[in-house]
């Protein structure tokens, strides 16, 4: 594997040196393009108190293409399917090289705060979220308690 | 500030903007690679990463977007403020990598000659490093070839010299021969002419006188006739008749007389058998120097497995050690100049090949990039250097290097530039410093001389320092400075231009120091914005410094901001890794590398390790001496252990003393000893030994008393037996004439054991052996009686009174001997306490011994008579002699130590010893009791006679008296009174004895000599061992007993102190220490008897005669011990008894001459009369063949050792010339020899060889195992230059003719230096070209002074 682009190094260093509150991204020992990410559930959200594991992979042409991010921890969210895939515009067509890992992760954190059932990925969840938001939120809380809370 | 920095950061690459391009949306991105990456080629659009606005790409591509000039100004401003170095890649345009085809900033790779990206480049550099490491190991592995060839060259130098010398000698010899021939011939011819002239003259004179007479007569006749033959005078008829007759006769005479003129015409004429012109021509070309064609060992030096890298090939190819090539190379080099030198294309070390393609020099960033490149270069080349595969460099590197600096400076500051200019000028001057140590053969320069390497090494320290905190920086700085100082010192020490280089270095050092301080200051002020005005300078300095070192911007940044920038380039990191953690180590490394030779090169990575290695080396160096010291003692110990045999010789000396000692100093113990000894004697096995002791003891005793007491016994002896006993005594005595040493006895003993014992054995083997044995033993007994009478006054009664017989015939003698011995011992004490000891004797031995004595005596008498009868009936003197020879002396040697110990250590020690000894004796007796016994007895004989001889004149005379008394009037003719007479007699007798024994050995045994030699060999192999064991054991026992130190010096000293021994106890060391003055000299140039022409070998005969190999007279001359000419034999030729420039000569114990017939490549053995006996060897290298045999010697067993000079080995032969073994090969290692010249064998069987061309003496054991090595090249004490003659005395002292230093050196038996004397010259005690040395038994040193054609005696 060719040497790491300078940008990735810089980003990684900055992530280490100036970590974003609630977000922890650690590059894999064997692959500097693969990050183990932990995102805490935002306050005032059904995911509060949860610790969500994600994986993040920087593709070869990063930063020209978006990083691949996926939830490993199960989460009850209309924009996140059972496989953990995330429906987020900045990860798709809205990706810009000016974005960085930290901005992406912040976007994901924001997504947890503000689910967007109009652009769903998990349709049943989105449905419930639209139909019975309270129940959906309760479910989300349950899931969070169930999967995202340690011990 | 952070925001400011952020503003200068491209959001795509998160780096400083590089050529920021402004999009229509007013966002800026780097042109490459950010903007490039944003391009949507399909739609020919670019989407702004910030605002996602889409913009059409201009026709010319993204480059056509306007550059954000404002941003660029800000960037520049930022750089100026922070002092941050520009990105090395800034200003470059990305291209496709020549290797991986990726788009990247490319730089030129020296490895693949392509423009490639950093990744590929570092990979290539790794490859290079690996290759260099590989080459390095290869070179290391094959460096020994150079060293080998160096050794070979040294060797060749040596052999060249020797060759030249030997050829010169040959020429000289031939010249001598020719001139001598011519001179002889012309002398002879002149003599003949003289004779002829005299004869002819005499004839003519006679004729003239006769004619005169005739004329007078005839004239007077005529006158008378005229006057008186007339009528006036009356003449009678008769008278007239007579007158007429006379006149008729006269007429007739006159008529017939005719002078035969041909007498006069019989002129002598010098007829030249060869046309003189031809002869002169022949002589003028009497020899030619044939220089063998030089076969160039093509490529032998250049290792096959050392495949030099292509770049280095020309240089390495030249390393083929052909000096012709070297000169050629040099010429070529001069013609072409260094710059055209093919090695490295004439570049200076580390210089990048000049290439037009690279960056625009006007661009400062470009310049920076070049720094980076040079850094890599440097790394590369450094590695290169470390392999030693350094190659020639031109000055261009420096100039370019400097120029780059200059450019850099011009960009920044004028003043700095000026200094740089200076620097540059200096550098220009120093340009060739790398060439100073350039290897002339390979064109390889020394890396450590290369200023770039120096710089790099200095940078290591500096970098390291910069890593540290400011306080640590001080220490580091000090270290670096120290290192610099060292460098400077080392530099100054080096040659020529190095002084200039030192100045350069100085300058560098100054700058470095300055920059260091600046850097330190910068580090102290951390972010350093506080001192903006200071910045530029420090920056400049730092940059200067780092550029020198080839640091990139990051490196320099780190240098300035210390730890603030944690990110480093890979190279910087590696360098940092390679940096030794301790500054001192850096200094050490630098020092080593700086002063180190080219082969001590170390790579950057290994610099630390090399430092460690240096330290390790130092430690090793420190350790080596100690280890060697360790070794030395150990070897010493070894040698001492080995010398146990030798030292045993000293204990052997004791008996003499000890036997006397007890009498005077220790009577009680002596009596104890005797009683113990009696016990020992009572054990039947100790017969010979004890008896021998009695012999040796009784003889001294005899001397004073002999005249009166021994007549009775003497009357019984026959003339023949008298002569035989004389022979026996003297044969041993002559072989051991030295007064001081017991060794002689050893020698004699061994000798006699070797052959005589053999002979006796064979004689015993004959059918008549029993009779013989008895005869022999009885003769011994008879001899023994001589001592007996001395104390007979006391003991005879006893003998007579005891009448019970127990012993058998064979044991009778021994028992008798026991008795005599014990009585002898008793006698000695009895001098001081006669009665007491005697009582002791009587009591101690008691009935048993007494009775046995009685038996012994009666039997003895009977046997004696029988023996005489037998001897008479057989009338074989020789057998008698033989037996006498063998039996009479009865082994005092083995006994004497025990006797000594017995007396000295009183009691059990002695009995133990005697028991053990007897057990030894028993063991050997298992095989052949008689032989052993006879051997022992012969040993005893040797001892006895030698002891007698030891007493010198008085002793001799007393011995003579003793003989005389013993053998009465019959033998008195044979033994004229007086010591001289007896001595002479003994000499003569000894020779006859030798010959007779020899004859006996060959003749009497039916199976012949071969079996005899076999047996003798077995014996000689077995017996010395046993003997050694005995001696060792005695020594051991002595030490166990703990009375005093058993070592020889002490004993010797004790002996001397006791003052009893007199002559016998002289300490050779002191004698040798006094050696300086020449006693007398022999010879002088010439060919008449007593003169020499280039004498070489020397030997001392058993009768103390001096034997000289008169090399260029092709003869052997023999002188007596006073230097009076005795005889000569041999002449030029290759036949039997003829020599061609003989070199070494040796005389074996039976007086045979062993001669190294050098140019005939053979060894000749001549009998004591100089008649040819046999010759062996021919030219060749096989076993038993020789190439200019030189030194020759023989040991006590008759083995012949030959220095086979040109075969660089020593060969060992039996006395009959059959090959036994060889050792040594050409070389300098231990056990190897180079032109061994002379050889000597001590009587402890240490073979001492003068390893001439290795300037040392090597001491081997008889099997060729190296025991020790003495000396080395030099002229200090204990060092040699071409040592030649070696000799060893019976104490083991070694004498070396240090030919090149024209001196004699004497070494202690342990090899330590004792004494030297002599110098160059032709006066007394001066030498010119030493050859052989020899030691006479009286300690006189014979030195063959070749160029002075003489032998000097000291």
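Residue numbers (the UniProt record's numbering), protein chains in the order written: chain A, 1 to 151; chain B, 1 to 1354. Where a beta carbon is used, it is the ideal one built from N, C-alpha and C, also for glycine.
Is the beta carbon of residue i sitting closer than 8 Å to the one on residue j?
i              : j              : result
residue 59/A   : residue 97/A   : no
residue 39/A   : residue 145/A  : no
residue 1125/B : residue 1137/B : no
residue 21/B   : residue 69/B   : no
residue 1324/B : residue 1078/B : yes
residue 140/A  : residue 47/A   : yes
residue 33/B   : residue 121/B  : no
residue 1106/B : residue 1351/B : yes
residue 128/A  : residue 80/A   : no
residue 8/B    : residue 16/B   : yes
residue 1093/B : residue 147/B  : no
Looking only at its own chain, which residues have a Cβ that is under 7 Å from the Cβ of residue i, when we skip the five neighbours before and after it?
i              : result
residue 142/A  : none
residue 1355/B : Nothing can be reported for residue 1355/B, as the shown portion of chain B is limited to 1 through 1354.
residue 7/A    : 63
residue 107/A  : 88, 90
Please return the same chain residues whose Cβ sits closer than 6 Å to the Cβ of residue i, not counting the five positions on each side in sequence.
i              : result
residue 51/B   : 25
residue 1301/B : 1275, 1281
residue 250/B  : 218
residue 1231/B : 1266
residue 24/A   : 38
residue 16/A   : none
residue 1076/B : 1317
residue 1073/B : 1315
residue 574/B  : Residue placement at residue 574/B is flagged as unreliable, the pLDDT there being 37, under the threshold of 50; a coordinate-derived value is accordingly withheld.
residue 68/A   : 57
Could you spell out the range, first to last residue, of the beta strand (DSSP E) harbouring residue i?
i              : result
residue 1315/B : 1313-1317
residue 1285/B : 1283-1288
residue 1268/B : 1266-1270
residue 1157/B : 1153-1157
residue 1435/B : No information on residue 1435/B is available, as it lies outside the stretch 1 to 1354 that chain B covers here.
residue 1186/B : Note, residue 1186/B: premise wrong, no beta strand (DSSP E); not H, not E.
residue 1127/B : 1125-1129
Just to confirm the assignment, what range does the alpha helix (DSSP H) spanning residue i have?
i              : result
residue 159/B  : 118-228
residue 78/B   : 69-82
residue 4/B    : 2-7
residue 103/A  : 101-113
residue 1360/B : Shown here, chain B extends from 1 to 1354; a query on residue 1360/B therefore has no answer.
residue 238/B  : 237-256
- Which ranges would you report for the beta strand (DSSP E) in the UniProt repeat "NHL" (1220-1263) of chain B if only whole runs of at least 3 residues count? 1236-1241, 1246-1251, 1256-1261
- Give, in chain order, every residue of the UniProt domain "UBC core" (3-149) of chain A whose Cβ lies closer than 7 Å to some Cβ of chain B. 3, 6, 7, 10, 11, 63, 64, 96, 97, 98
- Message: Taking beta-carbon pairs under 7 Å, can you tell me which members of the stretch 39-70 of chain B lie near chain A?
- Response: 49, 50, 52
- Query: For the stretch 106-117 of chain B, which residues have a CB atom closer than 8 Å to at least one CB atom of chain A, in sequence order?
  - Reply: none
- Query: In chain order, which continuous runs of the beta strand (DSSP E) of length 3 or greater are located wholly inside the UniProt domain "RING-type" (10-52) of chain B?
  - Reply: 20-22, 28-30, 45-47
- Query: Which ranges would you report for the beta strand (DSSP E) in the UniProt domain "UBC core" (3-149) of chain A if only whole runs of at least 3 residues count?
  - Reply: 23-27, 34-40, 51-57, 68-71
- Message: Give me the subset of the stretch 8-38 of chain B whose CB atoms are less than 8 Å from a CB atom of chain A, sorted by chain position.
- Response: 11, 12, 13, 14, 15, 34, 37, 38
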